[in-house]
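Here the sequence shown stands for residues 1 to 254, where the numbers follow full-length UniProt numbering. In this text, a Cβ means the ideal position worked out from N, Cα and C, and glycines have one as well. Remember, it's a predicted structure, so these values are computed and weren't measured experimentally.
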Amino acid sequence: MAEFTRYVAMGDSFTEGVGDPDPQRPGGLRGWSDLVAEQLASRTPEFRYANLAIRGRLLDAIVDEQLGPALDMAPDLVTIYAGGNDMMRPKFDVDRLVGRYDDAVAQLTATGATVLVWTAYDAGWSPVFGKLRGRNAVYNELVREVADRHGATLVDFWRFDEYDDHRMWDWDRLHMSSLGHRNMAARVLGVLGVEHALEPVSLGTLAPQPKSEARRENLVWAREFLLPWISRRVRGTSSGDGVTAKRPVLAPVG
1 MAEFTRYVAM
11 GDSFTEGVGD
21 PDPQRPGGLR
31 GWSDLVAEQL
41 ASRTPEFRYA
51 NLAIRGRLLD
61 AIVDEQLGPA
71 LDMAPDLVTI
81 YAGGNDMMRP
91 KFDVDRLVGR
101 YDDAVAQLTA
111 TGATVLVWTA
121 YDAGWSPVFG
131 KLRGRNAVYN
141 ELVREVADRH
151 GATLVDFWRF
161 DEYDDHRMWD
171 WDRLHMSSLG
181 HRNMAARVLG
191 VLGVEHALEP
201 VSLGTLAPQP
211 KSEARRENLV
221 WAREFLLPWI
231 SRRVRGTSSG
241 DGVTAKRPVL
251 APVG
(Lines of atoms letter the chains of each structure in order from A; the text may use other names.)
(Lines give C-alpha, C1' and ligand atoms only; values in the text may rest on other atoms or scores of the structure.)
Protein backbone atom coordinates (compact mmCIF):
# COMPACT_ATOMS: atom_id res chain seq x y z
CA MET A 1 0.00 0.00 0.00
CA ALA A 2 1.38 3.40 -1.00
CA GLU A 3 2.61 5.77 1.71
CA PHE A 4 2.73 9.51 1.01
CA THR A 5 4.53 12.20 2.98
CA ARG A 6 4.18 15.40 0.88
CA TYR A 7 0.81 16.14 -0.72
CA VAL A 8 0.12 19.24 -2.84
CA ALA A 9 -3.41 19.98 -4.10
CA MET A 10 -3.80 22.23 -7.14
CA GLY A 11 -6.90 23.64 -8.82
CA ASP A 12 -9.97 25.81 -8.39
CA SER A 13 -13.03 25.84 -6.12
CA PHE A 14 -13.47 22.08 -6.48
CA THR A 15 -10.20 21.50 -4.63
CA GLU A 16 -10.33 24.60 -2.43
CA GLY A 17 -13.41 23.06 -0.79
CA VAL A 18 -16.18 25.48 -1.74
CA GLY A 19 -19.50 23.99 -0.63
CA ASP A 20 -18.06 22.46 2.55
CA PRO A 21 -17.79 25.36 5.02
CA ASP A 22 -15.81 25.06 8.25
CA PRO A 23 -14.98 28.34 10.03
CA GLN A 24 -12.28 26.62 12.09
CA ARG A 25 -10.14 25.87 9.04
CA PRO A 26 -7.93 28.08 6.86
CA GLY A 27 -10.11 29.94 4.40
CA GLY A 28 -13.24 28.81 6.25
CA LEU A 29 -13.48 25.69 4.10
CA ARG A 30 -12.80 21.98 4.49
CA GLY A 31 -13.37 19.96 1.29
CA TRP A 32 -12.38 16.56 -0.04
CA SER A 33 -8.65 17.34 -0.25
CA ASP A 34 -8.47 18.23 3.45
CA LEU A 35 -10.26 14.98 4.27
CA VAL A 36 -7.84 13.01 2.10
CA ALA A 37 -4.91 14.75 3.78
CA GLU A 38 -6.24 13.90 7.24
CA GLN A 39 -6.53 10.22 6.37
CA LEU A 40 -3.04 10.14 4.90
CA ALA A 41 -1.62 11.99 7.91
CA SER A 42 -3.13 9.43 10.26
CA ARG A 43 -0.89 6.81 8.64
CA THR A 44 2.34 8.82 8.42
CA PRO A 45 3.55 11.08 11.27
CA GLU A 46 5.85 13.12 9.01
CA PHE A 47 3.06 13.85 6.51
CA ARG A 48 2.79 17.42 5.18
CA TYR A 49 0.04 19.03 3.08
CA ALA A 50 -0.38 22.17 0.94
CA ASN A 51 -3.49 23.35 -0.91
CA LEU A 52 -2.86 25.97 -3.60
CA ALA A 53 -6.36 25.91 -5.13
CA ILE A 54 -8.31 29.16 -5.56
CA ARG A 55 -11.94 29.43 -6.63
CA GLY A 56 -12.72 30.79 -10.08
CA ARG A 57 -9.28 30.12 -11.51
CA LEU A 58 -9.05 29.26 -15.20
CA LEU A 59 -6.64 26.55 -16.29
CA ASP A 60 -4.01 29.02 -17.54
CA ALA A 61 -3.95 30.75 -14.15
CA ILE A 62 -3.72 27.43 -12.31
CA VAL A 63 -0.69 26.45 -14.38
CA ASP A 64 0.91 29.92 -14.21
CA GLU A 65 0.38 30.44 -10.49
CA GLN A 66 0.45 26.98 -8.94
CA LEU A 67 2.69 24.69 -11.00
CA GLY A 68 5.99 26.33 -10.04
CA PRO A 69 5.30 26.40 -6.29
CA ALA A 70 4.02 22.82 -6.44
CA LEU A 71 7.19 21.59 -8.14
CA ASP A 72 9.35 23.49 -5.65
CA MET A 73 7.73 21.56 -2.79
CA ALA A 74 8.89 18.23 -4.28
CA PRO A 75 5.65 16.39 -3.45
CA ASP A 76 5.18 12.65 -3.76
CA LEU A 77 1.43 13.13 -4.30
CA VAL A 78 -0.23 15.82 -6.43
CA THR A 79 -3.89 16.29 -7.29
CA ILE A 80 -4.81 18.70 -10.06
CA TYR A 81 -8.32 19.50 -11.23
CA ALA A 82 -8.51 22.28 -13.83
CA GLY A 83 -10.59 23.36 -16.81
CA GLY A 84 -14.07 23.43 -15.29
CA ASN A 85 -14.26 27.22 -15.27
CA ASP A 86 -12.92 27.39 -18.83
CA MET A 87 -15.68 25.09 -20.10
CA MET A 88 -18.34 27.49 -18.83
CA ARG A 89 -16.95 30.38 -20.88
CA PRO A 90 -18.55 31.20 -24.27
CA LYS A 91 -15.23 30.84 -26.10
CA PHE A 92 -13.46 27.57 -25.42
CA ASP A 93 -10.46 26.15 -27.31
CA VAL A 94 -10.30 22.64 -25.92
CA ASP A 95 -7.16 21.62 -27.81
CA ARG A 96 -5.14 24.63 -26.61
CA LEU A 97 -6.50 24.19 -23.09
CA VAL A 98 -5.64 20.51 -22.80
CA GLY A 99 -2.27 21.21 -24.41
CA ARG A 100 -1.36 23.35 -21.41
CA TYR A 101 -2.80 20.74 -19.06
CA ASP A 102 -0.71 18.07 -20.81
CA ASP A 103 2.48 20.08 -20.28
CA ALA A 104 1.71 20.64 -16.59
CA VAL A 105 0.92 16.96 -15.97
CA ALA A 106 4.10 15.98 -17.83
CA GLN A 107 6.21 18.15 -15.54
CA LEU A 108 4.50 16.81 -12.43
CA THR A 109 4.78 13.14 -13.35
CA ALA A 110 8.41 13.60 -14.42
CA THR A 111 9.27 14.20 -10.75
CA GLY A 112 8.15 10.67 -9.89
CA ALA A 113 5.15 11.88 -7.90
CA THR A 114 1.80 10.13 -8.03
CA VAL A 115 -0.41 12.56 -9.96
CA LEU A 116 -4.22 12.44 -9.93
CA VAL A 117 -6.32 14.13 -12.62
CA TRP A 118 -10.10 14.25 -13.04
CA THR A 119 -12.66 14.01 -15.79
CA ALA A 120 -15.49 16.54 -15.66
CA TYR A 121 -18.80 15.51 -14.13
CA ASP A 122 -21.67 14.50 -16.43
CA ALA A 123 -24.33 17.11 -15.61
CA GLY A 124 -26.56 16.05 -18.46
CA TRP A 125 -29.57 16.09 -16.13
CA SER A 126 -29.11 19.81 -15.33
CA PRO A 127 -31.25 22.26 -17.37
CA VAL A 128 -28.39 24.81 -17.30
CA PHE A 129 -25.06 22.96 -16.95
CA GLY A 130 -26.33 20.07 -19.05
CA LYS A 131 -25.92 22.28 -22.12
CA LEU A 132 -22.15 21.85 -21.67
CA ARG A 133 -22.33 18.07 -21.89
CA GLY A 134 -20.86 17.82 -25.38
CA ARG A 135 -17.79 19.95 -24.72
CA ASN A 136 -17.29 18.23 -21.35
CA ALA A 137 -17.26 14.83 -23.08
CA VAL A 138 -14.60 15.97 -25.58
CA TYR A 139 -12.51 17.45 -22.77
CA ASN A 140 -12.78 14.18 -20.84
CA GLU A 141 -11.48 12.08 -23.71
CA LEU A 142 -8.50 14.38 -24.09
CA VAL A 143 -7.82 14.27 -20.34
CA ARG A 144 -7.90 10.48 -20.47
CA GLU A 145 -5.24 10.63 -23.20
CA VAL A 146 -3.13 12.97 -21.04
CA ALA A 147 -3.35 10.53 -18.13
CA ASP A 148 -2.42 7.58 -20.34
CA ARG A 149 0.46 9.42 -21.99
CA HIS A 150 2.14 10.49 -18.74
CA GLY A 151 1.14 7.72 -16.36
CA ALA A 152 -1.12 9.92 -14.27
CA THR A 153 -3.95 8.36 -12.26
CA LEU A 154 -7.47 9.16 -13.45
CA VAL A 155 -10.38 9.91 -11.12
CA ASP A 156 -13.31 9.37 -13.49
CA PHE A 157 -15.89 11.81 -12.09
CA TRP A 158 -17.94 11.40 -15.29
CA ARG A 159 -18.91 7.89 -14.16
CA PHE A 160 -19.79 8.68 -10.53
CA ASP A 161 -23.55 8.19 -10.79
CA GLU A 162 -24.16 8.96 -7.12
CA TYR A 163 -23.74 12.64 -7.96
CA ASP A 164 -26.99 12.56 -9.90
CA ASP A 165 -28.67 13.15 -6.51
CA HIS A 166 -29.03 16.88 -5.78
CA ARG A 167 -28.11 16.32 -2.11
CA MET A 168 -24.53 15.81 -3.27
CA TRP A 169 -24.50 19.45 -4.42
CA ASP A 170 -24.49 22.77 -2.61
CA TRP A 171 -27.34 25.27 -2.98
CA ASP A 172 -25.64 26.86 -6.02
CA ARG A 173 -25.84 23.53 -7.93
CA LEU A 174 -22.27 24.04 -9.10
CA HIS A 175 -20.15 23.02 -6.11
CA MET A 176 -20.34 19.81 -4.14
CA SER A 177 -22.08 19.82 -0.77
CA SER A 178 -20.38 18.57 2.40
CA LEU A 179 -21.74 15.11 1.58
CA GLY A 180 -20.39 15.39 -1.95
CA HIS A 181 -16.94 16.37 -0.69
CA ARG A 182 -16.86 13.47 1.78
CA ASN A 183 -17.86 11.05 -0.94
CA MET A 184 -15.18 12.45 -3.25
CA ALA A 185 -12.55 12.03 -0.54
CA ALA A 186 -13.53 8.36 -0.18
CA ARG A 187 -13.40 7.96 -3.96
CA VAL A 188 -9.90 9.47 -4.11
CA LEU A 189 -8.61 7.31 -1.29
CA GLY A 190 -10.08 4.29 -3.06
CA VAL A 191 -8.29 5.21 -6.28
CA LEU A 192 -5.05 5.52 -4.30
CA GLY A 193 -5.67 2.15 -2.67
CA VAL A 194 -5.52 3.66 0.83
CA GLU A 195 -7.60 2.26 3.66
CA HIS A 196 -9.54 4.98 5.46
CA ALA A 197 -11.99 5.69 8.25
CA LEU A 198 -14.41 7.93 6.36
CA GLU A 199 -18.03 6.93 6.86
CA PRO A 200 -19.76 6.07 3.57
CA VAL A 201 -22.34 8.55 2.31
CA SER A 202 -25.79 7.02 2.60
CA LEU A 203 -28.53 9.25 1.20
CA GLY A 204 -31.55 6.98 1.34
CA THR A 205 -34.64 7.45 -0.80
CA LEU A 206 -35.23 10.97 -2.07
CA ALA A 207 -38.77 12.17 -1.36
CA PRO A 208 -40.63 13.76 -4.29
CA GLN A 209 -40.44 17.55 -4.26
CA PRO A 210 -43.68 19.54 -4.66
CA LYS A 211 -43.68 21.60 -7.86
CA SER A 212 -44.33 24.81 -5.92
CA GLU A 213 -41.23 24.24 -3.79
CA ALA A 214 -39.14 23.44 -6.87
CA ARG A 215 -40.27 26.68 -8.54
CA ARG A 216 -39.41 28.68 -5.43
CA GLU A 217 -35.93 27.10 -5.22
CA ASN A 218 -35.34 27.78 -8.92
CA LEU A 219 -36.21 31.45 -8.47
CA VAL A 220 -33.92 31.78 -5.46
CA TRP A 221 -31.11 30.03 -7.33
CA ALA A 222 -31.51 32.29 -10.37
CA ARG A 223 -31.54 35.44 -8.24
CA GLU A 224 -28.76 34.58 -5.81
CA PHE A 225 -26.41 32.53 -7.98
CA LEU A 226 -27.11 32.64 -11.72
CA LEU A 227 -27.57 36.39 -12.15
CA PRO A 228 -24.48 37.32 -10.06
CA TRP A 229 -22.49 34.66 -11.93
CA ILE A 230 -23.53 36.12 -15.30
CA SER A 231 -22.75 39.62 -14.02
CA ARG A 232 -19.20 38.58 -13.12
CA ARG A 233 -18.73 37.14 -16.61
CA VAL A 234 -19.89 40.42 -18.17
CA ARG A 235 -17.64 42.52 -15.91
CA GLY A 236 -14.66 40.19 -16.35
CA THR A 237 -14.34 39.58 -12.62
CA SER A 238 -14.00 36.34 -10.69
CA SER A 239 -15.22 34.90 -7.39
CA GLY A 240 -11.55 34.30 -6.65
CA ASP A 241 -10.46 37.92 -6.96
CA GLY A 242 -8.66 38.81 -3.73
CA VAL A 243 -8.66 35.20 -2.50
CA THR A 244 -5.37 33.56 -1.58
CA ALA A 245 -4.49 29.89 -1.20
CA LYS A 246 -5.65 28.52 2.13
CA ARG A 247 -2.56 26.34 2.68
CA PRO A 248 0.22 27.87 0.54
CA VAL A 249 3.10 25.87 2.02
CA LEU A 250 3.61 22.29 3.14
CA ALA A 251 2.67 21.98 6.79
CA PRO A 252 1.37 19.35 9.20
CA VAL A 253 -2.35 18.64 9.05
CA GLY A 254 -4.32 20.10 11.94
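Where residue i falls: helix, strand or coil (DSSP)
{"i": "M168", "result": "helix"}
{"i": "I80", "result": "strand"}
{"i": "L52", "result": "coil"}
{"i": "W118", "result": "strand"}
{"i": "V105", "result": "helix"}
{"i": "P252", "result": "coil"}
{"i": "A21", "result": "Reading the sequence as shown, one finds Pro at residue 21 and not Ala. Three-state DSSP puts P21 in a strand."}
{"i": "R247", "result": "strand"}
{"i": "L206", "result": "coil"}
Euclidean distance between Cα positions of residue i and residue j
{"i": "G204", "j": "G99", "result": "42 angstroms"}
{"i": "A123", "j": "N136", "result": "9 angstroms"}
{"i": "V63", "j": "A70", "result": "10 angstroms"}
{"i": "E145", "j": "P210", "result": "44 angstroms"}
{"i": "V18", "j": "M176", "result": "7 angstroms"}
{"i": "L97", "j": "L59", "result": "7 angstroms"}
Candidates the options: closest to residue i by CA position
{"i": "T186", "options": "R159, S33, G83 and V105", "result": "Residue identity differs from the one stated: residue 186 is Ala in this sequence, not Thr. Residue S33 is the option with its Cα nearest to A186."}
{"i": "L198", "options": "Q39, E162 and L67", "result": "Q39"}
{"i": "Y81", "options": "R57, K91, R96 and F92", "result": "R57"}
{"i": "G31", "options": "E213, R182 and S231", "result": "R182"}
{"i": "G193", "options": "E224, V155, R55 and D172", "result": "V155"}
{"i": "S202", "options": "D165, G27 and K131", "result": "D165"}
{"i": "T79", "options": "W118, P21 and K131", "result": "W118"}
Continuous beta strand (DSSP E) stretch holding residue i: start and end
{"i": "T153", "result": "T153 to V155"}
{"i": "V8", "result": "R6 to G11"}
For residue i, the first and last residue of its enclosing alpha helix (DSSP H)
{"i": "L40", "result": "W32 to A41"}
{"i": "M176", "result": "Premise fails: M176 is in no alpha helix (DSSP H) and is neither H nor E."}
Would you check if there are 3 or more beta carbon pairs closer than 8 angstroms linking the segment 36–53 to the segment 228–248? yes
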